[in-house]
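Number of protein chains: 2
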Amino acid sequence: MITRMSSLFLRTLREDPVDAEVPSHRLLVRAGYVRRVAPGGYSWLPLGLRVLRNIETVVREEMDAIGGQEIQFPALLPREPYEATGRWEAYGPNLFRLKDRKGADYLLGPTHEELFALTVKGEYSSYKDYPVILYQIQTKYRDEARPRAGILRGREFVMKDSYSFDLDDDGLARSYRRHRDAYVRIFDRLGLDYVVVAATSGAMGGSASEEFLAVAGTGEDTYVRSTESGFAANVEAVVTPAPPEQPIEGKPEAQVHHTPNTPTIETLVDFLNGAGLGRTFTAADTLKNVLVKVREPDEKDWRLLAVGVPGDREVDMKRLEAALEPAEVALLEEADFTANPFLVKGYIGPGALAANGVRYLVDPRIVRGTAWVTGADKADHHVVDLVCGRDFTPDGTIEAAEVREGDASPDGRGTLVAARGIEIGHIFQLGRKYTDAFEVDALGPDSKPIRITMGSYGIGVSRLVAAIAEQHHDELGLVWPRAVAPADVHLVVAGKDDTVTEGGERLATQLSERGVQVLLDDRKASPGVKFADAELVGVPTIVVVGRGLTKGVVEVKDRLSGERTEIAVDEAVDHLASLTGR
Amino acid sequence: MITRMSSLFLRTLREDPVDAEVPSHRLLVRAGYVRRVAPGGYSWLPLGLRVLRNIETVVREEMDAIGGQEIQFPALLPREPYEATGRWEAYGPNLFRLKDRKGADYLLGPTHEELFALTVKGEYSSYKDYPVILYQIQTKYRDEARPRAGILRGREFVMKDSYSFDLDDDGLARSYRRHRDAYVRIFDRLGLDYVVVAATSGAMGGSASEEFLAVAGTGEDTYVRSTESGFAANVEAVVTPAPPEQPIEGKPEAQVHHTPNTPTIETLVDFLNGAGLGRTFTAADTLKNVLVKVREPDEKDWRLLAVGVPGDREVDMKRLEAALEPAEVALLEEADFTANPFLVKGYIGPGALAANGVRYLVDPRIVRGTAWVTGADKADHHVVDLVCGRDFTPDGTIEAAEVREGDASPDGRGTLVAARGIEIGHIFQLGRKYTDAFEVDALGPDSKPIRITMGSYGIGVSRLVAAIAEQHHDELGLVWPRAVAPADVHLVVAGKDDTVTEGGERLATQLSERGVQVLLDDRKASPGVKFADAELVGVPTIVVVGRGLTKGVVEVKDRLSGERTEIAVDEAVDHLASLTGR
Numbered sequence: 000m001i002t003r004m005s006s007l008f009l010r011t012l013r014e015d016p017v018d019a020e021v022p023s024h025r026l027l028v029r030a031g032y033v034r035r036v037a038p039g040g041y042s043w044l045p046l047g048l049r050v051l052r053n054i055e056t057v058v059r060e061e062m063d064a065i066g067g068q069e070i071q072f073p074a075l076l077p078r079e080p081y082e083a084t085g086r087w088e089a090y091g092p093n094l095f096r097l098k099d100r101k102g103a104d105y106l107l108g109p110t111h112e113e114l115f116a117l118t119v120k121g122e123y124s125s126y127k128d129y130p131v132i133l134y135q136i137q138t139k140y141r142d143e144a145r146p147r148a149g150i151l152r153g154r155e156f157v158m159k160d161s162y163s164f165d166l167d168d169d170g171l172a173r174s175y176r177r178h179r180d181a182y183v184r185i186f187d188r189l190g191l192d193y194v195v196v197a198a199t200s201g202a203m204g205g206s207a208s209e210e211f212l213a214v215a216g217t218g219e220d221t222y223v224r225s226t227e228s229g230f231a232a233n234v235e236a237v238v239t240p241a242p243p244e245q246p247i248e249g250k251p252e253a254q255v256h257h258t259p260n261t262p263t264i265e266t267l268v269d270f271l272n273g274a275g276l277g278r279t280f281t282a283a284d285t286l287k288n289v290l291v292k293v294r295e296p297d298e299k300d301w302r303l304l305a306v307g308v309p310g311d312r313e314v315d316m317k318r319l320e321a322a323l324e325p326a327e328v329a330l331l332e333e334a335d336f337t338a339n340p341f342l343v344k345g346y347i348g349p350g351a352l353a354a355n356g357v358r359y360l361v362d363p364r365i366v367r368g369t370a371w372v373t374g375a376d377k378a379d380h381h382v383v384d385l386v387c388g389r390d391f392t393p394d395g396t397i398e399a400a401e402v403r404e405g406d407a408s409p410d411g412r413g414t415l416v417a418a419r420g421i422e423i424g425h426i427f428q429l430g431r432k433y434t435d436a437f438e439v440d441a442l443g444p445d446s447k448p449i450r451i452t453m454g455s456y457g458i459g460v461s462r463l464v465a466a467i468a469e470q471h472h473d474e475l476g477l478v479w480p481r482a483v484a485p486a487d488v489h490l491v492v493a494g495k496d497d498t499v500t501e502g503g504e505r506l507a508t509q510l511s512e513r514g515v516q517v518l519l520d521d522r523k524a525s526p527g528v529k530f531a532d533a534e535l536v537g538v539p540t541i542v543v544v545g546r547g548l549t550k551g552v553v554e555v556k557d558r559l560s561g562e563r564t565e566i567a568v569d570e571a572v573d574h575l576a577s578l579t580g581r
Numbered sequence: 000m001i002t003r004m005s006s007l008f009l010r011t012l013r014e015d016p017v018d019a020e021v022p023s024h025r026l027l028v029r030a031g032y033v034r035r036v037a038p039g040g041y042s043w044l045p046l047g048l049r050v051l052r053n054i055e056t057v058v059r060e061e062m063d064a065i066g067g068q069e070i071q072f073p074a075l076l077p078r079e080p081y082e083a084t085g086r087w088e089a090y091g092p093n094l095f096r097l098k099d100r101k102g103a104d105y106l107l108g109p110t111h112e113e114l115f116a117l118t119v120k121g122e123y124s125s126y127k128d129y130p131v132i133l134y135q136i137q138t139k140y141r142d143e144a145r146p147r148a149g150i151l152r153g154r155e156f157v158m159k160d161s162y163s164f165d166l167d168d169d170g171l172a173r174s175y176r177r178h179r180d181a182y183v184r185i186f187d188r189l190g191l192d193y194v195v196v197a198a199t200s201g202a203m204g205g206s207a208s209e210e211f212l213a214v215a216g217t218g219e220d221t222y223v224r225s226t227e228s229g230f231a232a233n234v235e236a237v238v239t240p241a242p243p244e245q246p247i248e249g250k251p252e253a254q255v256h257h258t259p260n261t262p263t264i265e266t267l268v269d270f271l272n273g274a275g276l277g278r279t280f281t282a283a284d285t286l287k288n289v290l291v292k293v294r295e296p297d298e299k300d301w302r303l304l305a306v307g308v309p310g311d312r313e314v315d316m317k318r319l320e321a322a323l324e325p326a327e328v329a330l331l332e333e334a335d336f337t338a339n340p341f342l343v344k345g346y347i348g349p350g351a352l353a354a355n356g357v358r359y360l361v362d363p364r365i366v367r368g369t370a371w372v373t374g375a376d377k378a379d380h381h382v383v384d385l386v387c388g389r390d391f392t393p394d395g396t397i398e399a400a401e402v403r404e405g406d407a408s409p410d411g412r413g414t415l416v417a418a419r420g421i422e423i424g425h426i427f428q429l430g431r432k433y434t435d436a437f438e439v440d441a442l443g444p445d446s447k448p449i450r451i452t453m454g455s456y457g458i459g460v461s462r463l464v465a466a467i468a469e470q471h472h473d474e475l476g477l478v479w480p481r482a483v484a485p486a487d488v489h490l491v492v493a494g495k496d497d498t499v500t501e502g503g504e505r506l507a508t509q510l511s512e513r514g515v516q517v518l519l520d521d522r523k524a525s526p527g528v529k530f531a532d533a534e535l536v537g538v539p540t541i542v543v544v545g546r547g548l549t550k551g552v553v554e555v556k557d558r559l560s561g562e563r564t565e566i567a568v569d570e571a572v573d574h575l576a577s578l579t580g581r
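Sequence lines, in order, name chains A and B.
Letter by letter, the first sequence follows residues 0 to 581 of numbering that gives the first Met the number 0.
Letter by letter, the second sequence follows residues 0 to 581 of numbering that gives the first Met the number 0.
The structure is reproduced here in structure tokens:
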């Protein structure tokens, strides 16, 4: 196939788009791959659509290879199934909702768990029918609060979503593993540098869950990795290693101190170190009790929750929310303090919490036998040497303290460093949330119903175009991996005399006959303009047909390395066909 | 490729779906190609999606062959461009409208003229850039009042829409012709029996326009065709041949008659024939004047319009509306008659119309010199021998009278008969409506702007699945043309002993290695169930591997003709590969 730039619907831009925050956005617009139509809405121009389709093909091949069967649902869906699972409400303003001419409620599908579950229920009935993996590659909609970075976070985007349906947890684990392996193959084939991180599940409910993140400083997702092992995890999923318990015997008794003017941990530590207590305190010796309120799903009332963390750490609200999911969490308002006068702001201690029945969860570092400086439930007073398991007993532990670079890796090897990535895939042992909602059962061999268990697996197909571009570009433009490039060879005709133009045409034809996809720059523009566009567009191999032709050679340039080689015209077709794997 | 029915997500149904009105709907559901999700919303199961994709491929190949360049727009679009062209309003309740989280207005795209025009304006500037043809194959949305017949008229559907952009009318005519030729190739390749009919343009505004209709008694579109020539047209587009003018000299004078109790044309004719006027009258001798009101776009007020048709014909409101487009047409209300007392209901004649400045358009049969019986603008009175061009002068002609079987064909050859079809394509010289709205100009060689002219060309891709099924089925099930079939060969393993199952597996593998797509029925079901499913599913070639294997033969059945042939196992692969063109 020959694509002629003289007629291609492509105009490259010299200037960066004003709204471009990240390199992929800047370059995909400048190189004429996408155009903005609305906030979070982009059109795909010819070269962009080719890259998107190439990615779709890789995804489809690997999904088919694990026995996935492709189907396609509407994007415009009735409210009822989403009402039944609570997602009509739970999605909040992220869901595009609309009414039809008869006033019936509809939504634009963000993901299709409901439809897949209902469809399997409709077709299958016997245990012999299972397992099954179904998938679609489809346009999805989410009314993002802040669509950003071009197609990296759009409101209309292409996603591959697949779902596994198994008879039991072992089957689910096998389907999950097959997806994990398929995802590894997909992202490897796409030339991505990525990590697989342990993840929490987001708003979907369920258990085992991993995210695939393309490593990118511009990514929205923060994760941590070990300096020494392969450990990587979402910050929300980091498990704090608990220190060993300590003997209670021999610990000094708890003592209340008058600690005026100590509104912060810092001032408190300074005060303690100046109080002549015979030892040095750090913020890590203090226990900070943060009060929030929590509302369980389907409950009307909020309940108080106290979260105790070492004073050298903040509570990370995202980690706290993830730990309490699916419950809602909110900070206390002034009215809450008024209604609970035992909460002495700045001086809350375990004593008043226990006395008033407030649930108290602590950081895993607060183990039996450790001694803490904490609030004495009285203004300007703290208690020193309050020992866990002797003077107070928390109701349990919670992962709510911030994770910091330098923290020990949960696998015991190395310390954690922070990194950023772009979420490109998510695999998730969803369990029975949706099959319970719709009573998706198989009739077992003993004629008893078996409740089906589901896995849910997503890949952000259109986002991958941007994720790949984030990792594969330089200061001159895009540098596509061969598997997704919009052409195999960018053939620049550098000269206007007949020898050169005819030589270019001939080579393009011969390459095309060998199955090599050629982007032929047959425009009347100057060689300089053509070279610059070739660098910008980012086809991995650039062939220049120019003055060398009189010597019988053409130049082959590797877009990534910049390396140039002169090749005899006679050998060019074989050389390029082999280079491009055609 | 081998698709195993033992694991295929397919359950055929023995019963017709209760809501199925037409064979395609009934069979596509029974054979497990589609499932209903919502009114006018269907999911594509694996076999259905394959047929849809096969059709897309044919459409894409032929669009690429005429130089079309594929792009893709969002389906979720901002209001503004559609506001600018008036379509936000004009589409009425057929448009799905919604608001985003910020309250901004959006719509789900029914067609994308606005976006294509704006995109070309954004990329192109010089006359040298033109012409260009762009297309997309995309999901579209229309809130149909009565979604029906499964995927034949859905509210979410797949359409190929393309647009040509030319510098002048000759260029547009060339682009139109290329599309027309491409459409003929597409529908021929898809094995469709279709007609190309002259069409009016619908709500789009513009000039030359043809529709491609798949011939089907279940179709929603009525058209007429000549009994003797290839003429075919939408009823709205039928042009009435005008009879020759007649000399006015020698015509009797017009005479007003008292015609009591003649509220209908029939009673009037009876009265006249009993009045001793010395000749016989028929309804075709009377002139019926129908009053409507018309409002031009961008005007606030309605204006009266009188339409005169021969009394033996009704006014066809669809033809009248098409003739007056883009103006609105409405019937008169009681208040209109009260406000215009010169309109004597049942007795309206040309006299009062002319005297009161009412615009008067007549059927083309009412030519100069013809004499008519018509209303005398006075209750219970008619005038006889009112001669056109002598006693009244219409303001022009209009195509508003009903078209009837037996009418002369406009091309002068044969008479018209009515037929029904399914609209599968529409090509349309759109002109400058959208380029005017957005000022899409090219800078000409003389540095003066040239307003671009557009063509608009649609194919109902998902509807084609149903249209093909309407034409290709029998009482046992679907009978797909080879170009769109979900597999090349349906291989039925008819028997459970190892020789048969291994023979079936071996043949399937050999065929797959030759590039033949095999749907392998390796289920444990009985041969009878498998045969019935094979007929229902409709793959064009059915191969039965059964007892014949002991004699070294398999049976090859042609699904369309029912013809069965025994083929030596050794020759089966070559035979089937050649039969299926692989």
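Even glycine gets a Cβ: it sits at the ideal position worked out from N, Cα and C.
Count the other C-beta atoms from every protein chain shown that fall within 10 angstroms of the C-beta of Pro-262(A), then say buried if there are 16 or more, exposed otherwise.
With fewer than 16 other Cβ atoms from the protein chains shown falling within 10 Å of its own Cβ, Pro-262(A) counts as exposed.
How about Gly-218(B) and Arg-419(B): are their beta carbons less than 8 Å apart?
Taking a C-beta distance under 8 Å as the contact criterion, Gly-218(B) and Arg-419(B) qualify as a contact pair.
Throw me the rounded Cβ distance for the Ala-571(A) and Leu-506(A) pair, which I believe falls under 8 Å.
With 8 Å as the limit, Ala-571(A) and Leu-506(A) qualify as a contact, their Cβ atoms being about 6 Å apart.
Under 7 Å from the C-beta of Trp-43(B): neighbouring residues of chain A:
Per Cβ cutoff of 7 Å: Ile-70, Gln-71.
Contiguous alpha helix (DSSP H) assignments of at least 4 residues, all confined to the region 497 to 581 of chain A
The qualifying runs are 497 to 512, 526 to 536, 568 to 578.
Alpha carbon to alpha carbon, how far is Gly-190(A) from Leu-31(B)? Give it in angstroms, no decimals.
Per the sequence shown, residue 31(B) should be read as Gly rather than Leu. When rounded, the distance between both Cα atoms is 38 Å.
Only counting runs of 3 or more residues, tell me where the beta strand (DSSP E) segments fall wholly within the region 323 to 357 of chain B, in order along the chain.
If we require 3 residues or more, the beta strand (DSSP E) runs fully inside the region 323 to 357 of chain B come out as 327 to 330.
For Ala-19(A), which residues of its own chain have a beta-carbon under 6 Å away from its beta-carbon, when the five flanking residues on both sides are left out?
Closer than 6 Å at Cβ, skipping near neighbours: Arg-25.
Can you tell me where the alpha helix (DSSP H) holding Thr-56(A) begins and where it ends?
In the DSSP assignment, Thr-56(A) falls within the alpha helix (DSSP H) that extends over 45 to 64.
Proximal chain B residues relative to Val-36(A), where beta-carbon distance stays under 8 Å:
By Cβ distance, chain B contributes Phe-72, Pro-73, Leu-76, Pro-77, Leu-114.
Do the region 32 to 43 of chain B and the region 153 to 166 of chain B make contact, defined as three or more Cβ pairs closer than 8 Å?
Yes, they touch.
Taking the CB atoms as reference points, tell me whether Val-314(A) and Ala-400(A) lie closer together than 8 Å.
In contact: Val-314(A) and Ala-400(A) (Cβ atoms closer than 8 Å).
Can you find the residues in the same chain that come closer than 8 Å, C-beta to C-beta, to Val-343(A), ignoring five residues on each side of it along the sequence?
Hits under 8 Å: Ala-351, Gly-374, Asp-376, Lys-377, Ala-378.
What are the residues in the region 139 to 151 of chain B lying within 8 Å of chain A by C-beta distance?
Residues passing the 8 Å Cβ filter: Tyr-140, Asp-142, Ala-144.
Just checking: is the beta-carbon of Pro-92(B) within a distance shorter than 8 Å of some beta-carbon in chain A?
Using a Cβ-Cβ cut-off of 8 Å, Pro-92(B) counts as an interface residue toward chain A, since at least one Cβ of chain A sits closer than that to its own.
Would Val-28(A) count as contacting chain B if we go by Cβ distances under 8 Å?
Output row for Val-28(A): interface = no.
Just list the residues that DSSP pairs Gln-137(B) with in beta bridges.
Under DSSP, Gln-137(B) takes part in a beta bridge, and its partners are Met-158(B).
Reduced DSSP category for Lys-317(A) - H, G, I as helix; E, B as strand; rest coil
Collapsing the DSSP output to three states places Lys-317(A) in a helix.
Select from Lys-250(A), Val-238(A), Ile-397(A), Leu-267(A) the residue whose C-alpha is nearest the C-alpha of His-257(A).
Nearest in C-alpha terms to His-257(A), of all of Lys-250(A), Val-238(A), Ile-397(A), Leu-267(A), is Leu-267(A).
Give me, in chain order, the residues of the same chain whose beta-carbon lies closer than 6 Å to that of His-574(A); leave out the 5 immediate sequence neighbours on both sides.
Non-local C-beta neighbours of His-574(A) in its own chain, meaning closer than 6 Å and more than five positions away in sequence, comprise Ile-566, ordered along the chain.
Less than 8 Å between the beta carbons of Tyr-604(A) and Pro-92(A), yes or no?
Outside the modelled stretch of chain A, which goes from 0 to 581, sits residue 604(A), for which no answer is possible.
So, helix, strand or coil for Ile-426(B), using DSSP?
Three-state DSSP puts Ile-426(B) in a strand.
Going straight from the alpha carbon of Ser-125(A) to that of Arg-147(B), what length do you get?
In this structure, the straight-line span from the alpha carbon of Ser-125(A) to that of Arg-147(B) is close to 33 Å.
Quick check on the DSSP output: the alpha helix (DSSP H) that includes Pro-22(A) runs from which residue to which?
Looking at the DSSP string, the run of the alpha helix (DSSP H) that includes Pro-22(A) is 22 to 29.
Residues sharing a beta bridge with Trp-301(B), DSSP:
None; Trp-301(B) has no bridge partner.
With DSSP run on the structure shown, which of helix, strand or coil describes Val-183(A)?
Three-state result, Val-183(A): helix.
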